[in-house]
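Peer 1: So for the sequence shown, numbering that gives the first Met the number 0 puts the first residue at 0; every next one is plus one. Virtual Cβ for every residue (Gly too), placed ideally from N, Cα, C. Quick one: this structure, given as structure tokens, is what I'll be asking you about.
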Amino acid sequence: MDRRYLLTAFSYALLGLALGLYMAASHDHGQLVTHAHIMMIGFLISFSYALCYRLWLAASTGAHSGKLVTAQFWLHQLGTIGVAIGLFLLYGEFVALEVVDPFLAIASFSVFGGVLLMMVQLLKARQLD
């Protein structure tokens, strides 16, 4: 799982940096919030999860079940993609806040659920040094 998170982290980094480069080149910083969220919840949190799996969870037998690991991964990924798309549509003025707000709320709770499931796995780990 650490490799999967590492690859997705750097995929988000490439996407976020590409958006940042576009904003810099065009002098249109309207997607600043989208860029920041892609870099934070896409790159940094995914990278942090990769470290958690590699440093603590991979070595801890019984720390997590396959279903819990899979659920945690997909909750985070679907939420992150949902937040990124929703913010892009909102700040690009493609849709009104009233339309995208419920979608953003669901995606945000999905990311929250991913963080919560990671915390559960870390609490179940036998050794956190």
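#1: Hey, out of Glu97, Ala23 and Gly41, whose CA is closest to Phe111's CA?
#2: Given this structure, state the Cα-to-Cα distance separating Arg2 from Ala49, to the nearest angstrom.
#3: With DSSP as the reference, label Gly131 as helix, strand or coil.
#4: Apart from the five residues just before and just after Gly29, which ones in its own chain have a Cβ nearer than 6 Å to its Cβ?
#5: Nearest to Tyr4 by CA position, among Leu18, Leu121, His75 and Ala24, is which residue?
#6: May I ask which residues mark the beginning and end of the alpha helix (DSSP H) holding Ala17?
#7: Quick check on Gly85: does DSSP put it in helix, strand or coil?
Peer 2: A quick look at the data gives this:
#1: Locating residue 111 in the sequence shown gives position 112, where the first residue counts as 1. Of the candidates Glu97, Ala23 and Gly41, the one whose C-alpha sits nearest the C-alpha of Phe111 is Gly41.
#2: Translated into positions along the sequence shown, residue 2 becomes position 3. Translated into positions along the sequence shown, residue 49 becomes position 50. Cα-Cα distance, rounded: 7 Å.
#3: Past the boundaries of the shown model lies residue 131; the chain is included only from 0 to 128, so the question cannot be answered.
#4: For the purposes of this step, residue 29 is identified with residue 30 of the sequence shown, where counting begins at 1. Apart from sequence neighbours up to five positions away, the residues of its chain that approach Gly29 with a beta-carbon distance below 6 Å are Tyr90, ordered along the chain.
#5: Within the sequence shown, the letter at position 5 stands for residue 4. It is His75.
#6: Position 18 of the sequence shown, counted from the first residue, corresponds to residue 17. According to the DSSP assignment, Ala17 belongs to the alpha helix (DSSP H) that extends over Asp1 to Ser25.
#7: Counting from one through the sequence shown, the residue named residue 85 turns up at place 86. Note: Gly85 maps to helix in three-state DSSP.
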